[in-house]
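*Asks:*
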Amino acid sequence: MDRGVNDSFELYRALEALNLLESKPPMWWPAYGTFEVVVGAVLTQNSQWTRVEHSLRNLREAGMTGPSEIAGCDPGTLMELIRPSGLFRNKSRVLKTLCANLAETYGGFEPFKAETDREWLLAQKGVGPETADSVLCYACERPAMVVDAYTARLLAAFGYEFDSYDALQSWCVEGIESRFPGSELPRIYAKFHGMIVEYVKRYKKGRTVEIIL
DNA sequence: GGCCAGGTGTAAA
DNA sequence: TTTACACATGGC
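Per the numbering used here, the first sequence starts with residue 33, numbered consecutively.
1) Take Y182 and list the residues in its own chain whose beta-carbon comes closer than 7 Å to its own, dropping the five residues that flank it on each side.
2) Using only the alpha-carbon positions, how far apart do A222 and P107 sit?
3) Could you pull out every unbroken beta strand (DSSP E) segment of at least 3 residues lying fully inside the segment 60-108, listed in chain order?
4) Indicate the three-state DSSP secondary structure (helix, strand or coil) for T148 in the structure shown.
5) Could you check whether the segment 86-93 touches the segment 194-207, counting it as contact only if at least three pairs of C-beta atoms, one from each stretch, sit closer than 8 Å?
6) On a Cα-Cα basis, can you pick out the residue from F41, S166 and F190 that is closest to V70?
7) Classify K123 as helix, strand or coil using the three-state DSSP reduction.
8) Are the CB atoms of V159 and S117 within a distance shorter than 8 Å?
9) Looking at L119: is its Cβ nearer than 8 Å to the Cβ of Q80?
10) Any chance the segment 166-179 sits against the segment 137-148, with 3 or more Cβ pairs inside 8 Å?
11) Under 8 Å, do E206 and L217 count as touching if we go by C-beta distance?
12) Between which residues of its own chain and A46 is the CB-CB distance below 6 Å, once the five residues before and five after are set aside?
13) Drop a sphere of 10 angstroms on the beta-carbon of E68, count the other beta-carbons inside from all chains shown, and report buried for 16 or more, exposed for fewer.
14) Thinking just about the alpha-carbon of each residue, which of R234, G226 and R239 is nearest to the one in P58?
15) Do you know how far the Cα of A189 is from the Cα of H86?
16) Nearest-angstrom Cα distance between L187 and K236?
17) For my contact list, L154 and K123 are in at a C-beta cut-off of 8 Å; report their separation, rounded to the angstrom.
18) Alpha helix (DSSP H) containing F41: first to last residue?
19) With distances taken Cα to Cα, identify the nearest neighbour of P99 among G139, F41 and P161.
20) Do Y64 and F224 count as a contact pair if the criterion is CB distance below 8 Å?
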């Protein structure tokens, strides 16, 4: 099949030329490099970011700004605070357990940020590959490529199909990783994923994506 | 009023 | 090992 992009590097360059992140936070995800990203990564599972912002504001106003606060929060109270982003019974349990384990294993967010890895994150209940990579990429500032439904839909528009998260992620990484110094990769992957999401949001037509590249 | 959203875990088949 | 379903709110 004829494809508009031969590898992920071509896609990256084409998206970059569209200035999709002009009015977004520097690394696309708000509060890049902070604990709030960990909370947001769980809350955004199968829900809209505008809803997550509402929950995050509730949490800030209630003083639930760190792992120890959330780990110690009354379950019913936490459910009410995060209710706006949906799936709140699951997510409150997931957040409390995740925060308790984070505090116990690492002692706080900064050591967690420096020392955690994908395997530890995937072992947490309610943390799958996308949430784990989102935390690594946007909270821990690591070279992790996040892929999601947007990524799959964009590549489907180019004729690519992948049978797993890992296969899709590998395609994205393989075209990119050798093209930049290792020290730049955390921000390159962060930008790449952000550009993909913004592109699809702007050019989606129903369930498919219009290609203007 | 049905479909969808910045997924994941569990239980059937 | 694959597929189906539950979780739940609010925007469109």
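Here a beta-carbon is modelled for each residue, glycine too, at the ideal position from N, C-alpha and C.
*Replies:* On the basis of the data shown:
1) Sequence index remark: in the first sequence, residue 182 carries index 150 (1-based). So the list reads I228, V229 and V232, once near-sequence residues are dropped.
2) As a working note, residue 222 is residue 190 in the first sequence. As a working note, residue 107 is residue 75 in the first sequence. In a straight line, the C-alpha of A222 is about 33 Å away from that of P107.
3) none
4) The count along the first sequence starts at 1 and reaches residue 148 at position 116. In this structure, T148 counts as coil in the three-state DSSP scheme.
5) no
6) Against the first sequence, residue 70 aligns to sequence position 38. Minimum Cα distance to V70 is reached at S166.
7) Counting from one through the first sequence, the residue named residue 123 turns up at place 91. In this structure, K123 counts as helix in the three-state DSSP scheme.
8) Within the first sequence, the letter at position 85 stands for residue 117. Within the first sequence, the letter at position 127 stands for residue 159. Result no, Cβ atoms of S117 and V159 do not sit closer than 8 Å.
9) Indexing the first sequence from 1 puts residue 119 at position 87. Indexing the first sequence from 1 puts residue 80 at position 48. Going by C-beta atoms, L119 is not nearer than 8 Å to Q80.
10) yes
11) If you number the first sequence from 1, residue 206 lands on position 174. If you number the first sequence from 1, residue 217 lands on position 185. Their beta carbons are not under 8 Å apart, which means E206 does not touch L217 by this criterion.
12) For the purposes of this step, residue 46 is taken as residue 14 along the first sequence, with counting starting at 1. Same-chain partners within the cutoff: L245.
13) On the first sequence, position 36 is the one that residue 68 refers to. With 16 or more Cβ atoms within 10 Å of its Cβ, E68 is classed as buried.
14) The residue given as residue 58 occupies position 26 in the first sequence. Taking only the C-alpha atoms, the option nearest P58 is G226.
15) Residue numbering aside, residue 86 sits at position 54 when the first sequence is read from its first letter. Residue numbering aside, residue 189 sits at position 157 when the first sequence is read from its first letter. Taking the straight line joining both Cα atoms gives about 33 Å.
16) As a working note, residue 187 is residue 155 in the first sequence. As a working note, residue 236 is residue 204 in the first sequence. If you take the alpha carbons of L187 and K236, they lie about 12 Å apart.
17) As a first step, residue 154 is located in the first sequence; it is residue number 122 there, counting from the start. As a first step, residue 123 is located in the first sequence; it is residue number 91 there, counting from the start. Contact flag wrong, Cβ pair sits at about 17 Å.
18) For this step, residue 41 is matched to residue 9 along the first sequence. Start and end: S40 to E48.
19) Within the first sequence, the letter at position 67 stands for residue 99. It is G139.
20) Position 192 of the first sequence, counting from 1, holds the residue named residue 224. Position 32 of the first sequence, counting from 1, holds the residue named residue 64. Not a contact, by the Cβ cut-off of 8 Å.
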